[in-house]
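Colleague: Numbering (the working numbering), first residue to last: 205 to 267.
Virtual Cβ for every residue (Gly too), placed ideally from N, Cα, C.
Model, not experiment: these values are computed from the prediction.
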Amino acid sequence: MRIVADLDVCQGIGMCEAMADGWFEVGEDDVVVVHDEHPPESERAHVDAAVRACPARALALES
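This is how it looks when you write it as structure tokens:
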């Protein structure tokens, strides 16, 4: 699994950070920073929930 962030679409709202703080952070430029693009399978549900919560639809999970 791989986390993909579209930085041109990100609005820096921070839902991803609030839901999965260890994986996402809104940086000083108000754009998401993905700490590790390849989370373990054991984190799939947690990361997927944060990806789906993004109101800008700037995040995706690839298999």
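#1: Could you give the DSSP three-state label for residue 245: helix, strand or coil?
#2: Going by DSSP, what residues sit across from residue 266 in a beta bridge?
#3: Which of the three DSSP states, helix, strand or coil, is assigned to residue 235?
#4: Quick check: residue 217 and residue 263, are their CB atoms within less than 8 Å of each other?
#5: In this structure, how does DSSP classify residue 255 when only helix, strand and coil are distinguished?
Modeller: Taking the coordinates as given:
#1: The residue given as residue 245 occupies position 41 in the sequence shown. Residue state, collapsed to three classes: helix.
#2: Residue 266 sits at position 62 when you count from the first residue of the sequence shown. Answer is 206, bridged to residue 266.
#3: In the sequence shown, the residue the question calls residue 235 occupies position 31. In this structure, residue 235 counts as coil in the three-state DSSP scheme.
#4: Residue 217 sits at position 13 when you count from the first residue of the sequence shown. Residue 263 sits at position 59 when you count from the first residue of the sequence shown. The answer is no: Cβ separation not under 8 Å.
#5: Working through the sequence shown from its first residue, we reach residue 255 at position 51. Helix at residue 255.
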